[in-house]
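Enquirer: Here you go, one structure.
Numbering (the numbering used here), first residue to last: 1 to 332.
If you want it as structure tokens, here you go:
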């Protein structure tokens, strides 16, 4: 039985702990969080595993064979580097790091070790709706892929988010989906923002990113950070012989007097509940089999390169070229 340690026991980390404990053959043997009371509560919920308040203590625990990183974003890089140094397979939540320079450090460390250890938690690759679109695209039924469209909505938060946060924390998922579904690297972006507060231009209510791909294809990503009505993620691909788009996730159709409506999920934990389970199941099995699958460190790095280009475009108000990337042989 694979023995797993989980770093971070907040909303995402707590979900990973529950899914590992109840939905996989793995054993959660350690959890870590700076909140001592919280980490002990989570440890008790899985039978009383080890509880740490120090990241390196968990990673270096000889009883921990594999690690899930679900700590706040600024701590991903250090934890990922420590896991690589310890030689432990790792599922790392996005983003891989806070910028391209940091992400490249992680990529270089893994390449230097000569072995894939990290999987990035781009869970949409395990979402049935996205997989249905991927299957159609790969079948050739809609011909050559010409365009990617992504729509991503969130409920409003009590405080305004910055454009950099919306790009790096939310749109990074859409950027990965675009690369994954189009099977092309992004070569140019143009990001524009409608601010939450007109007196604070760094804030973001609505983000629109135009993209150009290496094959000449186009992309359009819309992220509404303050939609107010619910959480949605939809994609559409346009091909030379047709289109395909994500089917509606299972939801009850309600008809009342003069009305017909579908419920909309409140957040990503509900919308991608099935995907999160499938993701950890696939990751655990890949570690047991010794055959890495799923989004790689390269995917995490490539997404951050595009994120940084989007941020630069937003700040300059001009289209931004995305540096050409050369993928290391390790990820072929």
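A virtual CB, placed ideally from N, CA and C, is assigned to each residue, including glycine. Quick caveat, the model's predicted, so the values are computed rather than measured.
Can you round the beta-carbon distance between residue 92 and residue 69 to whole angstroms, since I take them to be within the 8 angstroms contact cut?
Expert: At roughly 4 angstroms, the Cβ-Cβ gap stays under 8 angstroms, so residue 92 and residue 69 are in contact.
Enquirer: What's the C-alpha gap between residue 167 and residue 207?
Expert: Approximately 8 angstroms, taken between the alpha carbons.
Enquirer: Three or more C-beta pairs under 8 angstroms: does that hold for the region 130 to 146 against the region 168 to 176?
Expert: Because the criterion of three Cβ pairs below 8 angstroms is not met, the region 130 to 146 and the region 168 to 176 do not touch.
Enquirer: Hey, residue 179 and residue 103 are a contact pair by Cβ (cut 8 angstroms); roughly how many whole angstroms apart?
Expert: Actually they do not touch by this definition, with Cβ atoms about 14 angstroms apart.
Enquirer: Identify which residue in 64, 99, 11, 59 has its Cα closest to the Cα of residue 81.
Expert: When each option's Cα is compared against that of residue 81, the closest is 59.
Enquirer: Quick check on the burial criterion: 16 or more other C-beta atoms within 10 angstroms. Buried or exposed for residue 150?
Expert: Buried, since its Cβ has 16 or more Cβ neighbours within 10 Å.
Enquirer: Of the choices 330, 260, 258, 268, whose alpha-carbon is the least far from that of residue 232?
Expert: It is 268.
Enquirer: Spatial neighbours of residue 219 within its chain, please: CB distance less than 8 angstroms, with the 5 preceding and 5 following residues excluded, ordered by chain position.
Expert: The residues are 147, 148, 149, 150, 178, 182, 186, 209, 210, 211, 212, 213.
Enquirer: Looking at the structure shown, is residue 159 part of a helix, part of a strand, or coil, going by DSSP?
Expert: Three-state result, residue 159: coil.
Enquirer: Is residue 5 helix, strand or coil by DSSP?
Expert: Note: residue 5 maps to strand in three-state DSSP.
Enquirer: Within the continuous alpha helix (DSSP H) that includes residue 300, where are the two ends?
Expert: It spans 297 to 316 - the alpha helix (DSSP H) in which residue 300 sits, taken as one unbroken run.
Enquirer: DSSP on residue 182, reduced to helix/strand/coil?
Expert: Residue 182 falls in the helix class under three-state DSSP.
Enquirer: Is residue 58 helix, strand or coil by DSSP?
Expert: Helix.
Enquirer: Using the Cα positions of residue 105 and residue 297, report the straight-line distance between them to the nearest angstrom.
Expert: Cα-Cα distance, rounded: 11 angstroms.
Enquirer: Taking the continuous beta strand (DSSP E) assigned at residue 255, which residues delimit it?
Expert: Run containing residue 255: 253 to 256, per the beta strand (DSSP E) assignment.
Enquirer: Based on DSSP bridge pairs, tell me the residues matched to residue 194.
Expert: BP columns for residue 194 point to 206.
Enquirer: Per DSSP, what are the beta-bridge partners of residue 223 in this structure?
Expert: In the DSSP output, where bridge partners are listed per residue, residue 223 has 152, 207.
Enquirer: Across the region 116 to 127 and the region 153 to 168, are there enough close Cβ pairs to call them in contact, namely three or more that are closer than 8 angstroms?
Expert: Because the criterion of three Cβ pairs below 8 angstroms is not met, the region 116 to 127 and the region 153 to 168 do not touch.
Enquirer: Assign residue 386 to one of two classes, buried (16 or more other C-beta atoms within 10 Å of its C-beta) or exposed (fewer than that).
Expert: Examination of residue 386 is not possible in this model, given that the chain is present from 1 through 332 alone.
Enquirer: What would DSSP say about residue 271, mapped onto helix, strand or coil?
Expert: Here residue 271 sits in helix by DSSP.
Enquirer: I'd like the list of long-range same chain contacts for residue 23, defined as Cβ closer than 8 angstroms, with 5 residues on each side in sequence excluded.
Expert: Result list for residue 23: 277, 280, 281, in chain order.
Enquirer: Confirm, please, whether the CB-CB distance from residue 31 to residue 4 is below 7 angstroms.
Expert: Contact: no.
Enquirer: Would you call the region 31 to 48 in contact with the region 8 to 21, where contact means no fewer than 3 C-beta pairs closer than 8 angstroms?
Expert: Result yes; three or more Cβ-Cβ pairs closer than 8 angstroms.
Enquirer: Pick helix, strand or coil for residue 215, following the three-state DSSP scheme.
Expert: Looking at residue 215 - three-state DSSP - the assignment turns out to be coil, as it is neither helix nor strand.
Enquirer: Residue 272: which of 7, 16, 145 sits nearest, CA to CA?
Expert: Of 7, 16, 145, the residue nearest in Cα terms is 16.
Enquirer: Would you decide whether residue 415 is buried or exposed? Buried here means 16 or more other CB atoms lie within 10 Å of its CB.
Expert: Not covered by the structure: residue 415. The range shown for the chain is 1 to 332.
Enquirer: Check whether the Cβ atoms of residue 226 and residue 205 sit closer than 7 angstroms, and answer yes or no.
Expert: Yes.
Enquirer: Residues bridged to residue 236 by DSSP?
Expert: Answer is 149, 245, bridged to residue 236.
Enquirer: Can you pull the DSSP bridge partners for residue 32?
Expert: According to DSSP, residue 32 bridges with 7, 52.
Enquirer: Per DSSP, residue 46 forms a beta bridge with which residues?
Expert: Looking at the DSSP assignment, residue 46 forms no beta bridge with any residue, so it has no partner.
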